[in-house]
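*Asks:* Pasting in a structure now, in structure tokens, and then I'll have a few things to ask.
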Amino acid sequence: MAITVEEILTPDINRPARYLGNELGAVHKPWEEADVRWVLTYPEVYEVGASNLGHIILYNILNSQPRQLCDRAYLPAPDLAAKLRSTQTPLFAVENRRPLKDFDIIGFSLSYELGATNILEMLDLAGIPLTWKDRAEFDISEIPLIFAGGQTATSNPEPYADFLDFVDLGDGEELLPEIGLVIEEGKAAGLSREALLLDLAQIPGVYVPQFYDMTEDGSVKPNRPDVPKRILRRVATPMPAYAIGLVPYIQTVHDRLKIEVRRGCTRGCRFCQPGMLTRPARDVEPEQVVEAIEQGMRATGYNEFSLLSLSCSDYLALPAVGMEIKNRLKDQNISLSLPSQRVDRFDENIANILGGNRQSGLTFAPEAGTQRMRDIVNKGLTNEELLRGVKTAFEQGWEKVKLYFMIGLPGETDVDVLGIAETVRWLQQECRAKGRKTLKFNITVSNFTPKPHTPFQWHSVSTSEFKRKQELLKQVFGQIRGVKVNYTDVRISAMEDFVGRGDRRLSAVVRRAWELGAGMDAWMESLDRAFGAWENAIASSGLTWKYRQVESGEWNVMTGVEELQVERLKVESSEQPANLQPTNLGQKATLREQPSNLGQKATLREQPSTLQPSTLQPSTLQPSTLQPSTLNALDAPLPWDHIDTGIDKNWLKEDLQRALDAATVPDCSFDGCSHCGVCGIDFGHNVVIEPPQIPQFAGHFKPNTNKDQRLRVWFGKLGDMTLLGHLDLASLFERAVRRASLPIRYSGGFRANARIMIANALPLGASSSGEIVEFELTEKIPVEEFRERLVSELPKEIPVYGVEAVDLKQPAGTQLLEKAEYLIRVEVMSSASWEEWQGWIEAIKGSKEIWWERFTKSGKKQLVNLCDRLFEFEVMEPQKPKDGEEEVAESGVVLRYVGSCLNDGTMLRPEHIIYMLDQVAQQEFRLLHVHRQRLILRN
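Sequential numbering of the sequence shown, starting at 3, is according to this note's numbering.
Here's what the structure looks like:
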């Protein structure tokens with residue numbers, strides 16, 4: 003039997019605040035006034051989805067449209083999903099708390115090949131048919147339209163085509179409002195589902211799979227004349243103002259303000275799908291960025307912001323914008339973080355805007371360990387530039403740097419693979435200074451996965467080859483101290499490849515994998531189980547032969563080059579002693595024996611500090627030309643050819659040939675046009691803004707440790723906020739103080755923390771009208787002014803009952819806390835009279851000893867006499883309704899007690915009272931609700 007959302011979201015659900023829809027910035031538009039009702043869903047857990055910038059921007063844009071309403075939904079965690087199914091309660095949108103079926107249109111963000119199983123999980127939980135064919139007979143007033151957008155959906159929607167009514171290709175800022183208008187008009191005209199989809203298919207950027215069929219040669223063609231043969235990817239200008247809003251009350255993956263500074267990348271890395279799918283590059287005006295950050299930080303209360311782009315370092319205004327914001331917000335303990343950035347553009351200016359009290363992590367992506375491989379992938383990075391960037395980081399105080407590398411790239415040899423370790427060792431040796439620890443590295447080695455719409459889309463590598471190359475690196479990295487290396491599981495890479503480059507036949511595989519339990523949570527819990535589900539799904543769909551092709555390296559376009567390299571290594575090995583085979587240029591980095599055999603050890607000898615990494619140049623290999631058979635294969639239709647991304651397929655083939663020659667292509671944002679085909683009327687042109695002058699650095703934040711005032715605040719925790727955990731409540735107070743611009747004091751030390759002290763943690767799900775929190779300020783403020791400013795930034799369900807100034811010499815409330823008064827609602831499993839309750843209470847009060855067994859942090863068993871912790875205990879008489887009020891029947895009785903409440907762990911908790919009742923009455927009791935009436939401080 004279905005139950006209400008309020009009954010579903012109980013303290014037994016892990017982090018129930020995920021599903022409340024009451025965040026700062028959440029929009030609650032009247033349901034009845036909306037003509038089109040959207041749900042934007044991120045098919046991942048809330049912590050991931052709620053921090054996704056695209057999700058936030060589109061949510062804000064849609065809610066700014068007249069007559070349209072946009073709600074949100076996320077993938078429920080396994081505990082909530084199980085509870086929804088067991089109670090037959092449909093998945094709901096978080097703000098209106100209505101079933102997803104009540105809406106007109108549901109949009110999924112698909113940014114990962116294997117994430118489609120989560121879409122099916124959410125549709126099933128919502129009670130919505132999984133395929134467009136099963137939904138075809140329903141009007142949208144009965145079953146909403148289902149669509150997907152995002153990078154994966156744009157690049158190749160075919161593996162997911164059976165599940166979607168339509169696909170939104172490219173940027174959604176302008177496209178989604180256009181879709182909303184068509185739906186509004188279609189609903190008013192009473193159009194059928196098919197007629198409405200036909201209208202949507204006329205919008206550039208909307209792909210309706212049911213109007214297209216897969217032909218025998220694998221291509222996708224229209225099955226009716228009134229839809230376009232190729233569907234255009236949409237391009238929009240970034241809108242940083244819409245990034246402000248939605249401040250979650252719980253900690254998310256990216257718990258900060260996020261502002262996009264540049265969309266698109268023209269670096270031309272040949273493996274990079276986002277770089278190809280987001281062209282042209284478009285800079286945001288520096289003034290807009292600065293205004294959005296300054297406004298956003300004040301509106302949200304965040305203490306950190308991030309500037310986002312595929313290549314942040316190519317936003318030439320980055321040093322000036324970062325420095326301007328850093329200077330403006332210098333006294334507010336604000337830090338800046340950047341995603342992985344170009345190491346060749348990292349300098350002292352960027353180090354200054356990243357550094358400070360909370361120095362953020364630093365990530366660079368060299369991608370390959372040798373110059374030759376970086377040229378093949380068109381990385382545009384030299385060894386000298388890599389060293390200069392990493393050395394700058396070391397000199398500016400960083401003790402650890404994260405580096406991303408990739409293996410399995412076209413043309414890669416064992417020399418290139420071992421060049422990764424060689425490069426890391428060289429960087430470590432070059433970054434040393436007296437009195438400093440050796441620079442540490444966190445290394446991520448991922449497996450190359452070919453992506454549609456890239457020059458390397460025709461290339462793949464066998465899983466056995468990935469395993470062999472990983473083993474080579476593990477042997478060598480085991481000899482290098484101060485380096486932590488993470489490897490991507492080869493099974494995940496193979497499955498990403500299989501699904502990502504698949505056609506419509508893959509829809510059956512995705513569905514069967516979901517039925518067998520291969521959700522994203524399964525990959526985290528058990529790789530073996532998840533992979534087994536996918537393999538079984540492939541087998542049951544009759545596509546095992548296709549997967550084996552991927553698993554064994556479907557096609558290696560660089561075979562000729564690799565064979566040449568192996569021959570060259572054989573020649574070199576014959577000319578050198580068996581135990582010394584230099585990589586090149588007389589370096590002492592050596593391979594013991596032939597590295598091509600997995601069972602043989604490949605090691606790097608200790609190297610002098612002057613060692614430089616392997617720099618195999620293109621000239622050491624003969625240029626390779628694509629053979630006629632290869633050229634014919636390149637011309638074969640691909641499942642995604644009907645998606646017009648703007649990139650000319652012939653240009654991709656030409657760029658593949660350039661990769662064979664290890665020839666680089668310059669960045670067309672700053673050099674000449676590369677003639678990829680994007681720039682023009684449909685997609686626009688690169689927009690590169692000249693950088694403004696970099697302001698003078700005003701210095702890092704220095705915490706003001708002056709303590710001029712301490713204010714003690716009594717507050718409550720009611721309604722939905724009872725489902726907010728203690729640490730999240732502390733974060734809520736800090737952000738409220740920031741938004742209210744109150745002069746909070748910060749602690750000294752490396753990480754300056756706001757001096758906000760909550761007297762005692764309240765159990766999850768418990769309400770209260772007597773909590774205490776103290777604030778230390780750097781300057782005196784009238785008590786009433788402080789109260790007004792604080793209350794204006796707190797949720798209504800965190801009421802403030804009183805504020806008083808406290809002598810600075812007096813101990814803090816956390817130290818003075820002595821007792822707590824509770825009201826708890828309890829029921830006995832069998833019927834009991836009022837007199838029986840009174841008798842049980844008196845029996846407990848008259849007891850001298852009721853022992854409770856507990857374990858210390860060290861695991862030692864300890865007996866506690868609960869009677870020593872009980873000071874007052876009574877059963878409350880039921881309150882009679884006032885005149886005119888309707889009597890509400892509530893199960894159980896209310897008990898009031900006063901017990902110990904010290905922060906050293908000496909406490910009488912509500913569950914202790916239940917235990918005491920069990921002991922004296924020899925019956926089973928159940929705790930229904932806890933309300934803390936007040937905290938009592940020692941005089």
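Here a beta-carbon is modelled for each residue, glycine too, at the ideal position from N, C-alpha and C.
Would you say Thr372 touches the ligand MG, meaning its beta carbon is less than 7 Å from a heavy atom?
*Replies:* Ligands are entirely absent from the displayed structure, and the ligand MG is therefore not among its contents.
*Asks:* In whole angstroms, what separates the C-alpha of Arg284 from that of Arg236?
*Replies:* Roughly 14 Å between the two C-alpha positions.
*Asks:* Where Ile683 and Leu77 are concerned, what is the direct C-alpha to C-alpha distance, given to the nearest angstrom?
*Replies:* When rounded, the distance between both Cα atoms is 39 Å.
*Asks:* So within the region 193-256, which uninterrupted alpha helix (DSSP H) runs reach at least 4 residues, ignoring any that extend past its ends?
*Replies:* 195-202
*Asks:* Check whether the Cβ atoms of Pro368 and Leu312 lie closer than 8 Å to each other.
*Replies:* no
*Asks:* Do the CB positions of Leu725 and Pro80 come within less than 8 Å of each other?
*Replies:* no
*Asks:* Looking at the unbroken beta strand (DSSP E) that takes in Thr43, where does it start and where does it end?
*Replies:* Here the beta strand (DSSP E) through Thr43 covers Val38 to Tyr44.
*Asks:* Could you tell me the alpha carbon to alpha carbon distance between Ala83 and Arg17, rounded to whole angstroms?
*Replies:* 13 Å
*Asks:* So, with DSSP's three-state summary, where would you put Ser111?
*Replies:* strand
*Asks:* What do you get for Leu125, buried or exposed, if any count of 16 or more other CB atoms within 10 angstroms of its CB means buried?
*Replies:* Around the beta-carbon of Leu125, 16 or more other beta-carbon atoms lie within 10 Å, marking it buried.
*Asks:* Take the Cβ of Ser743 as the centre, count every other Cβ of all protein chains shown within 10 Å, and call the residue buried at 16 or more, exposed below.
*Replies:* exposed
*Asks:* Do you know how far the Cα of Phe407 is from the Cα of Leu474?
*Replies:* 14 Å
*Asks:* Please state whether the Cβ-Cβ distance between Asn120 and Pro45 is less than 8 Å.
*Replies:* yes
*Asks:* Between the Cα of Tyr489 and the Cα atoms of Arg507, Val501 and Arg470, which residue gives the shortest distance?
*Replies:* Looking only at Arg507, Val501 and Arg470, the smallest Cα-Cα distance to Tyr489 is reached by Arg470.
*Asks:* What is the residue span of the alpha helix (DSSP H) that Lys385 lies within?
*Replies:* Lys is not the amino acid found at residue 385; the sequence shown has Asn there. Here the alpha helix (DSSP H) through Asn385 covers Asn385 to Glu397.
*Asks:* Beta-carbon within less than 7 Å of Pro242's beta-carbon, same chain only, minus the 5 sequence neighbours each way: which residues are those?
*Replies:* Ile261, Glu262, Val286, Gln290, Val291 and Ala294
*Asks:* What residue from Lys103, Glu397 and Asp170 has the CA that sits closest to Thr156's CA?
*Replies:* Asp170
*Asks:* Inspect the beta-carbon positions of Asn385 and Gln373 and report whether they are closer than 8 Å.
*Replies:* yes
*Asks:* Rounded to whole angstroms, what's the CA-CA distance from His644 to Ala138? Just pull it up for me.
*Replies:* The alpha-carbon atoms of His644 and Ala138 are separated by roughly 24 Å.
*Asks:* Could you tell me if Lys486 is buried or exposed, where buried requires 16 or more neighbouring beta carbons within 10 angstroms of its beta carbon?
*Replies:* exposed
*Asks:* Arg427: buried (16+ other C-beta within 10 angstroms of its C-beta) or exposed?
*Replies:* buried
*Asks:* Would you report the Cα separation of Pro288 and Val323, rounded to the nearest angstrom?
*Replies:* When rounded, the distance between both Cα atoms is 6 Å.
*Asks:* For the candidate residues Met299, Leu320 and Leu310, whose alpha-carbon lies nearest to that of Val334?
*Replies:* The question names Val, yet the displayed sequence has Gln at residue 334. Considering only alpha carbons, the answer is Met299.
*Asks:* Tell me where the alpha helix (DSSP H) around Arg514 begins and ends.
*Replies:* Leu508 to Glu517 is the extent of the alpha helix (DSSP H) around Arg514.
*Asks:* Our contact map puts Thr268 next to Asn652 with C-beta atoms below 8 Å; I'd like the distance itself, whole angstroms only.
*Replies:* The Cβ separation is near 18 Å, so there is no contact.
*Asks:* Using 8 Å for Cβ pairs, my map puts Leu825 next to Val896. What's the rounded Cβ distance?
*Replies:* 6 Å
*Asks:* Check whether the region 848-866 touches the region 925-937, counting contact only when three or more Cβ pairs, one atom from each stretch, lie closer than 8 Å.
*Replies:* Taking 8 Å as the limit for Cβ pairs, the verdict is that the region 925-937 does not touch the region 848-866.
*Asks:* Only counting the same chain, and skipping five residues up and downstream in sequence, which positions put a Cβ closer than 6 Å to that of Gly27?
*Replies:* Gly247, Leu248 and Val249
*Asks:* Give the straight-line distance between the Cα atoms of Glu34 and Val403, rounded to the nearest whole angstrom.
*Replies:* 53 Å
*Asks:* What runs of the alpha helix (DSSP H), each 4 residues or longer, lie entirely inside the region 303-330?
*Replies:* 320-330
*Asks:* Where do the ends of the alpha helix (DSSP H) carrying Thr465 lie?
*Replies:* Thr465 to Phe479
*Asks:* For the 8 Å Cβ check, are there 3 or more pairs between the region 62-73 and the region 34-43?
*Replies:* yes
*Asks:* Short of 7 Å in beta carbon distance, which residues of its chain neighbour Lys821, apart from the five on each side in sequence? Order them along the chain.
*Replies:* For Lys821, where only same-chain residues beyond five positions count, the Cβ hits under 7 Å are Phe873, Val900, Gly901, Ser902, Cys903 and Ile938.
*Asks:* Would DSSP call Gly172 helix, strand or coil?
*Replies:* strand
*Asks:* Applying the 10 Å Cβ sphere with the 16-neighbour rule, what's the burial state of Asn599?
*Replies:* Note that Asn599 scores 35 on pLDDT, short of 50, meaning its location in the model is unreliable; the coordinates nonetheless yield the value given after this. With fewer than 16 Cβ atoms within 10 Å of its Cβ, Asn599 is classed as exposed.
*Asks:* Exposed or buried, Tyr21, counting other C-beta atoms within 10 Å across all chains shown (16 or more means buried)?
*Replies:* Tyr21 should be labelled buried.
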